[in-house]
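180 is the number that my numbering gives to position 44 of the sequence shown; each next residue is one higher, with no gaps.
Here a beta-carbon is modelled for each residue, glycine too, at the ideal position from N, C-alpha and C.
Here the structure is laid out as structure tokens; the discussion comes afterwards.
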Amino acid sequence: MKVVSYPKRCAPERFPKDWHALVRAIYAARVDNPEEVAKPLRALLPPDSVPDIEKAAQRLLTAIVQRESILIFGDYDVDGATATALCVSVIEQLGGKVDYFIPNRQRHGYGLTVRGLKTLSTLPALVITVDNGIRSFEAAEWLQAHNVALVITDHHQTDTTLPRAQAVVNPNRQEHHYLGNLSGVGVAFYVLLMLRRLWYQQFGNFPVDLNSYLDLVALGTVADKVPLDRNNRILVAHGIARMRTGQSNLGIQALIAVSNQTPEMMTTRDIDFSLAPILNAVGRLSEMSEGVALLLSADWQTACDNAQYLERFNRSRKALTNEMERQAALQINPDAVIASAYQADWHEGIIGIVAARLSQTLARPALVATQSDDGLGIKGSMRSIAGVDIHRLLIAAVADLPSDCIQFGGHAMAAGFTVLKECYPLLLTALKQHFERQIGARVPEQPLYFDAELPIDLLQLSWAHFLENLEPWGAGFPPPQFCNRFIVADCRALGAGHTRLVLREPINGQLFDATWFFHKEDLPSGTAVKVVYQLEINRFFGDERLNLLINALEIV
């Protein structure tokens, strides 16, 4: 276990002197200057330099004013669902004529496709994609041939060639764009910010409070695990503030209720591990249009009914995931640089979760695949680790395959593909070869970063509360990690594949509950261990208890 202190991005002395020294050190490892800590809405970066954003907003404004039919074409994950609900809600408030369509994962495939468009009973005047479309060349040409205007809004990595559209809004069209970390719902929100500006210029007022939709933006941003740079932290912080004060979307309030969370204490972790999985489950196992319907619920009873319906899918998803992970683990070659597993009858909607778990537990890129519905292809999902750009690796591997045998997309940490069955072995070989060329013959050891050894007097619930109030933490802005030595007082299994421990602090003998997810260990009482962990507050019917959430453990 390679444990190292977080490198400092700026000097801790630059932060206010009245801050606790540990807080100064935590922020010094995560921001380039102290100004980045504050999260006022006025500090949001402007939309102006995003390619095509003004053209997109102007086309949308025209469609609303002229009462043209508008179709929001979404995606079947939380990011796509929240982006869809956001756009539909705002356009309806502005008096626009709008509907939405979410493709089915199995029947239509990912993103804007001709298959999906052909299921529409009538074609709209304008299609706006959210969280997809950047590689939808065939569908864009089909819409052009049918005289339907197209505006693409997306955040995924782009090709040098773009689909034909009235506007293609994606900050990642430009390398290292300052808004390149926006999620799909974040890009959609920025289009609406530009719409607000144009609307003001034309009509003198804008009858929608866009800030009231930041809860949707926060949900999609956290769920999609985009880096929480300052701009995203501002969006997420103000969205979570709405959840905590009971001002959030009725569907989100129902998700909070059905997952037994405390609204006033909502955190990014609650979104990531409680709310998002419920919403994602219906997109994996059924129709994400049902998830969008939840987010568009007009009354509390409807929202509660919808949330309870979605939670049933989440329970099924958990059981499927555990079984598929068990089966996949049996196939893994421990020496492979990319952990890969395939089974023809695995559920396509679950392979991404299994790939993520394998990548986390094995500390290497993982690929999990299943047979496509037509039996001719193989659909795969990939997840990666720090230092291995899986999308770049996939691009290089695809160049070695026969032309037109694969469709793929993604970003550095996650990617997906559909490949002809006969080309799948070639893809695995090419991925291995390019990994060895780009990275080396071995998977780079993943260092475990921590902020400090936590002093004994801070190992308490009040300090966990204090750190929680510094939210949001998340991807690219990790929650504080600590490294301390303990003695195992008790160790037992927790559910399927997790471990529950009681740890004794060796100096004062104080006992602490600890949880190690996705690891099964049987440590004898009295074992000395070094633990990398974060502080967590377990809440149950008003009772709060400190818990150590273990990221890594080593016997010493």
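Residues near residue i in its chain [Cβ-Cβ closer than 7 Å; skip 5 each side]
i           : result
residue 662 : 623 and 624
residue 350 : 371, 374, 375 and 378
residue 302 : 191, 195, 285, 286 and 287
residue 331 : 193, 196 and 197
residue 275 : 248, 249, 250 and 253
residue 400 : 380
residue 686 : 650, 651, 652, 667 and 669
Inter-residue Cα distance where the pair is residue i and residue j
i           : j           : result
residue 591 : residue 308 : 43 Å
residue 715 : residue 233 : This structure leaves residue 715 out entirely; the chain is present only between 137 and 692.
residue 310 : residue 360 : 21 Å
residue 659 : residue 496 : 21 Å
residue 180 : residue 188 : 19 Å
residue 430 : residue 443 : 7 Å
residue 589 : residue 140 : 11 Å
residue 636 : residue 657 : 9 Å
residue 595 : residue 666 : 15 Å
residue 404 : residue 150 : 27 Å
residue 620 : residue 668 : 7 Å
residue 550 : residue 568 : 17 Å
residue 280 : residue 259 : 12 Å
residue 206 : residue 324 : 15 Å
residue 445 : residue 246 : 24 Å
residue 333 : residue 346 : 12 Å
residue 470 : residue 672 : 32 Å
residue 604 : residue 386 : 24 Å
residue 506 : residue 631 : 27 Å
residue 89  : residue 341 : There is simply no residue 89 to check, as the chain begins at 137 and stops at 692 in what is shown.
residue 525 : residue 468 : 21 Å
Buried versus exposed, by CB contacts within 10 Å (16 or more), residue i
i           : result
residue 679 : exposed
residue 572 : exposed
residue 282 : exposed
residue 336 : exposed
residue 312 : exposed
residue 461 : buried
residue 617 : buried
residue 153 : exposed
residue 515 : buried
residue 306 : buried
residue 692 : exposed
residue 500 : buried
residue 238 : buried
residue 213 : buried
residue 257 : exposed
Residue nearest to residue i in terms of C-alpha spacing, selected from the options
i           : options               : result
residue 570 : 514, 443 and 529      : 529
residue 241 : 422, 638, 637 and 553 : 422
residue 217 : 274, 304, 425 and 270 : 425
residue 407 : 618, 503 and 353      : 353
residue 608 : 413, 647, 369 and 340 : 369
residue 537 : 598, 485, 564 and 263 : 564
residue 110 : 329, 524, 436 and 586 : The question about residue 110 has no answer here: the residues shown for the chain are numbered 137 through 692.
residue 264 : 647, 642, 601 and 328 : 328
Cβ shell of residue i (< 6 Å), same chain only, five flanking positions each side left out
i           : result
residue 251 : 244
residue 498 : 475
residue 157 : none
residue 488 : 517
residue 682 : 597 and 600
Residue i in three-state terms, based on DSSP
i           : result
residue 448 : helix
residue 401 : helix
residue 414 : helix
residue 454 : helix
residue 255 : coil
residue 407 : helix
residue 595 : coil
residue 244 : coil
residue 634 : strand
residue 271 : coil
residue 200 : helix
residue 699 : This structure does not reach residue 699, given that the chain is present from 137 up to 692, and the question cannot be answered.
residue 670 : strand
residue 215 : helix
residue 654 : coil
residue 146 : coil
residue 518 : strand
residue 238 : coil
residue 370 : helix
residue 169 : coil
Cut-off 8 Å between Cβ atoms - residues of its own chain near residue i, not counting five sequence neighbours on either side
i           : result
residue 578 : 473
residue 215 : 267, 319, 320, 321, 356, 357, 359 and 360
beta-carbon residue i near the ligand FMN non-hydrogen atom, thresh 6 Å
i           : result
residue 663 : The model on display carries no ligand, and the ligand FMN is accordingly not part of it.
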